[in-house]
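Reminder that position 195 of the sequence shown reads as 195 in UniProt numbering, one-by-one numbering, no gaps. The beta-carbon is built from N, C-alpha and C at its ideal position, and this holds for glycine as well. Keep in mind the model is a prediction, meaning the values are calculated, not measured. Below is one structure, written out as structure tokens, with a few remarks after it.
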Amino acid sequence: MAAAVARGAWRGRRRVALRLARRDGAPWIASAAASFSSSSVPTTKLFIDGKFVESKTTEWIDIHNPATNEVVGRVPKATASEMEAAVASCKKAFWNWSETSVLSRQQIFLRYQQLIKDNLKEISKLITFEQGKTLADAEGDVFRGLQVVEHACSVTSLILGETMPSITKDMDTYTYRLPLGVCAGIAPFNFPAMIPLWMFPMAMVCGNTFLMKPSERVPGALMFLAKLFQDAGAPDGTLNIIHGQHEAVNFICDHPDIRAISFVGSNQAGEYIYERGSRNGKRVQANMGAKNHGVVMPDANKENTLNQLVGAAFGAAGQRCMALSTAILVGEAQKWLPELVDRAKNLRVNAGDQPGADLGPLISPQAKERVCHLIEKGVKEGASLLLDGRNIKVKGYENGNFVGPTILAKVKPNMTCYKEEIFGPVLVVLEADTLDDAIKMVNNNPYGNGTAIFTTNGATARKYSHLVDVGQVGVNVPIPVPLPMFSFTGSRASFRGDTNFYGKQGVQFYTQLKTIISQWKEEDATVTKPAVVMPTMGN
Numbered sequence: 001m002a003a004a005v006a007r008g009a010w011r012g013r014r015r016v017a018l019r020l021a022r023r024d025g026a027p028w029i030a031s032a033a034a035s036f037s038s039s040s041v042p043t044t045k046l047f048i049d050g051k052f053v054e055s056k057t058t059e060w061i062d063i064h065n066p067a068t069n070e071v072v073g074r075v076p077k078a079t080a081s082e083m084e085a086a087v088a089s090c091k092k093a094f095w096n097w098s099e100t101s102v103l104s105r106q107q108i109f110l111r112y113q114q115l116i117k118d119n120l121k122e123i124s125k126l127i128t129f130e131q132g133k134t135l136a137d138a139e140g141d142v143f144r145g146l147q148v149v150e151h152a153c154s155v156t157s158l159i160l161g162e163t164m165p166s167i168t169k170d171m172d173t174y175t176y177r178l179p180l181g182v183c184a185g186i187a188p189f190n191f192p193a194m195i196p197l198w199m200f201p202m203a204m205v206c207g208n209t210f211l212m213k214p215s216e217r218v219p220g221a222l223m224f225l226a227k228l229f230q231d232a233g234a235p236d237g238t239l240n241i242i243h244g245q246h247e248a249v250n251f252i253c254d255h256p257d258i259r260a261i262s263f264v265g266s267n268q269a270g271e272y273i274y275e276r277g278s279r280n281g282k283r284v285q286a287n288m289g290a291k292n293h294g295v296v297m298p299d300a301n302k303e304n305t306l307n308q309l310v311g312a313a314f315g316a317a318g319q320r321c322m323a324l325s326t327a328i329l330v331g332e333a334q335k336w337l338p339e340l341v342d343r344a345k346n347l348r349v350n351a352g353d354q355p356g357a358d359l360g361p362l363i364s365p366q367a368k369e370r371v372c373h374l375i376e377k378g379v380k381e382g383a384s385l386l387l388d389g390r391n392i393k394v395k396g397y398e399n400g401n402f403v404g405p406t407i408l409a410k411v412k413p414n415m416t417c418y419k420e421e422i423f424g425p426v427l428v429v430l431e432a433d434t435l436d437d438a439i440k441m442v443n444n445n446p447y448g449n450g451t452a453i454f455t456t457n458g459a460t461a462r463k464y465s466h467l468v469d470v471g472q473v474g475v476n477v478p479i480p481v482p483l484p485m486f487s488f489t490g491s492r493a494s495f496r497g498d499t500n501f502y503g504k505q506g507v508q509f510y511t512q513l514k515t516i517i518s519q520w521k522e523e524d525a526t527v528t529k530p531a532v533v534m535p536t537m538g539n
């Protein structure tokens, strides 16, 4: 009976979410009756040349709510002609957009950031509906993307060129930062708002036009953001959105009019996109997988450290490329393990829209199966299972993709659960006798996205920060993701490309330099005496 009531309540919430998605006449959603897909659920449209258009494809992908596995929508695999039309729209719009004054582009993004603020909670509800994360985490998803939009509004400073006068007599040299042309972005499922907002605002404020492909699992947030961008005054054709899977990715990698590709996702996909896109002469930035270590020194503030570890390991159900998925307990800090387990036990697992939920479901049954397999593999290879979240049951959501917080201790570097990115609510715990041993462990791991050290000793923190071969280091900060005035700087196997996301590196990625050397000889200068009398026919 309780389960039936919960399912009924969920269907009610589904109707509410769909009404939110249909704000202002359902611009990016087609009703089931109007859809070409013959579907009993709404379908997501494409966004081409300033219009939300229903795809004429015969191939559709189901969108599931991860808390129930109920099909809540469908997304098209865009046809070849639809994808071509999207690129053609970007290409056509590029000249006028790139020649639009920097101040005019800035004004559009100033209006855009305000519209995102005004609609932040509605976007967050769509994220929770399709992706499953808690509402609080979804709001953080939107907010961290909004920060990049706000930074893009600083374009008048970010895009400045350089000048050197009088390099020789009467000769000056200038460099300008100019847009590339049509750029493209391929986004993952875990941050439906933040990652697209890492991409197209920085590219477009620099004068590029943009083709975006969101994850087919979570298209709603980006479609909402596209509508807001249009409302902010973005010209038709400057932003286009297609949907799909492998064919859409290959199309982006191969199309000759696309100059640059931004990607965030798995290593398998990222390596493929980097290789194929680069082979076709494109700039590619690919932010990929991670195995982020938290090194706990015995002099650390225990209360703060344990709370930080638990939050960073299990928040968002571990589906973050910056999740602190590995802890190295150094020396006496190994005695803190029972307290760490107790704190993880107290986290509340539930559907993301439920009050008090600390973490929601994984994105799909396949993701849950993979996480559970890696947990079992760790146990078989000798790890100690101190907390097992595989059999958790969430009342009213028995069909959801839930895995509770899980802790594997006595893990060794040769174990599969350590070598692979689990991408779930699983913390693997290793032990080290000294700081040097911990640094060696981290540096022997191929990934380089992020790491953190917990200590009250400044010399220890400085030594770790300087010797560890990881792109982003937190000192008593568990998830050291830089704010947009800096740049994301993951390294080694976590990144492919020359230039990373947002900040100064983002501007560099989306622009090219043009150098002008000019000579105006002093003796050629024309000096005309100003006329100060009333002009007549004779003068």
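Contact defined as beta carbons within less than 8 Å: I believe residue i pairs with residue j. What is the distance between those atoms, to the nearest angstrom?
i, j, result
"F129", "N65", "6 Å"
"F423", "V349", "Contact doesn't hold; Cβ gap of about 17 Å is too wide."
"K213", "H255", "In fact, because the Cβ distance is near 12 Å, the residues do not count as touching under 8 Å."
"V142", "I116", "7 Å"
"V295", "Y464", "7 Å"
"P188", "A221", "With 8 Å as the limit, P188 and A221 do not qualify as a contact, their Cβ atoms being about 12 Å apart."
"R111", "C183", "Not confirmed; about 22 Å, so no contact."
"V475", "I453", "6 Å"
Verify whether the separation of the beta carbon atoms of residue i and residue j is less than 8 Å.
i, j, result
"A211", "I252", "The question names Ala, but residue 211 in the sequence shown is Leu. Result yes, Cβ atoms of L211 and I252 sit closer than 8 Å."
"N240", "A86", "yes"
"I407", "L430", "no"
"M204", "T156", "no"
"F501", "S491", "no"
"P478", "G311", "yes"
"L135", "G352", "yes"
"N292", "S262", "no"
"T416", "K377", "yes"
"P405", "G389", "yes"
"M223", "T44", "yes"
"Y274", "V284", "yes"
For residue i, report the span of its beta strand (DSSP E) as first-last.
i, result
"D172", "M171 to P179"
"V296", "H293 to V296"
"E162", "E162 to T168"
"T511", "T511 to Q519"
"G474", "V473 to V475"
"M212", "T209 to K213"
"F263", "I258 to V264"
"T326", "T326 to V330"
"L483", "Careful: L483 lies outside any beta strand (DSSP E) and carries neither H nor E."
"L239", "L239 to I241"
Return the first residue and the last residue of the alpha helix (DSSP H) that residue i is part of.
i, result
"T455", "Here T455 belongs to no alpha helix (DSSP H), and DSSP marks it neither H nor E."
"V371", "P365 to K380"
"A93", "A80 to E99"
"Q107", "V102 to D118"
"N444", "L435 to N444"
"T156", "V155 to L158"
"E275", "N267 to R279"
"G424", "Here G424 belongs to no alpha helix (DSSP H), and DSSP marks it neither H nor E."
"L306", "K302 to F314"
Between the options, which lies nearest to residue i when the distance is taken from Cα to Cα?
i, options, result
"K504", "N445, A80, P484 and R144", "P484"
"P361", "E271, D172, E339 and E398", "E398"
"A525", "D170, F495, E99 and G497", "D170"
"P446", "L513, A269, G378 and G289", "G289"
"S215", "A344, F143, R283 and R74", "R74"
"E150", "Q114, L46 and P530", "Q114"
"V102", "E59, A152 and K91", "A152"
"K121", "A409, L225 and P201", "L225"
"E99", "L146, G207 and G450", "G207"
"A234", "D437, V218 and C90", "C90"
"Q131", "I63, P196, T173 and A78", "I63"
"N449", "M441, A461, D469 and T460", "D469"
"D433", "I328, R177, K133 and Q106", "I328"
*List in chain order: all unbroken alpha helix (DSSP H) runs of 4+ residues lying wholly within the segment 34-72.*
Fully enclosed alpha helix (DSSP H) runs of 4 or longer: not present.
_Length-filtered (4 minimum) alpha helix (DSSP H) runs lying within the segment 373-422_ = For the segment 373-422, whole alpha helix (DSSP H) runs of length 4 or above, ordered along the chain, are 416-419.
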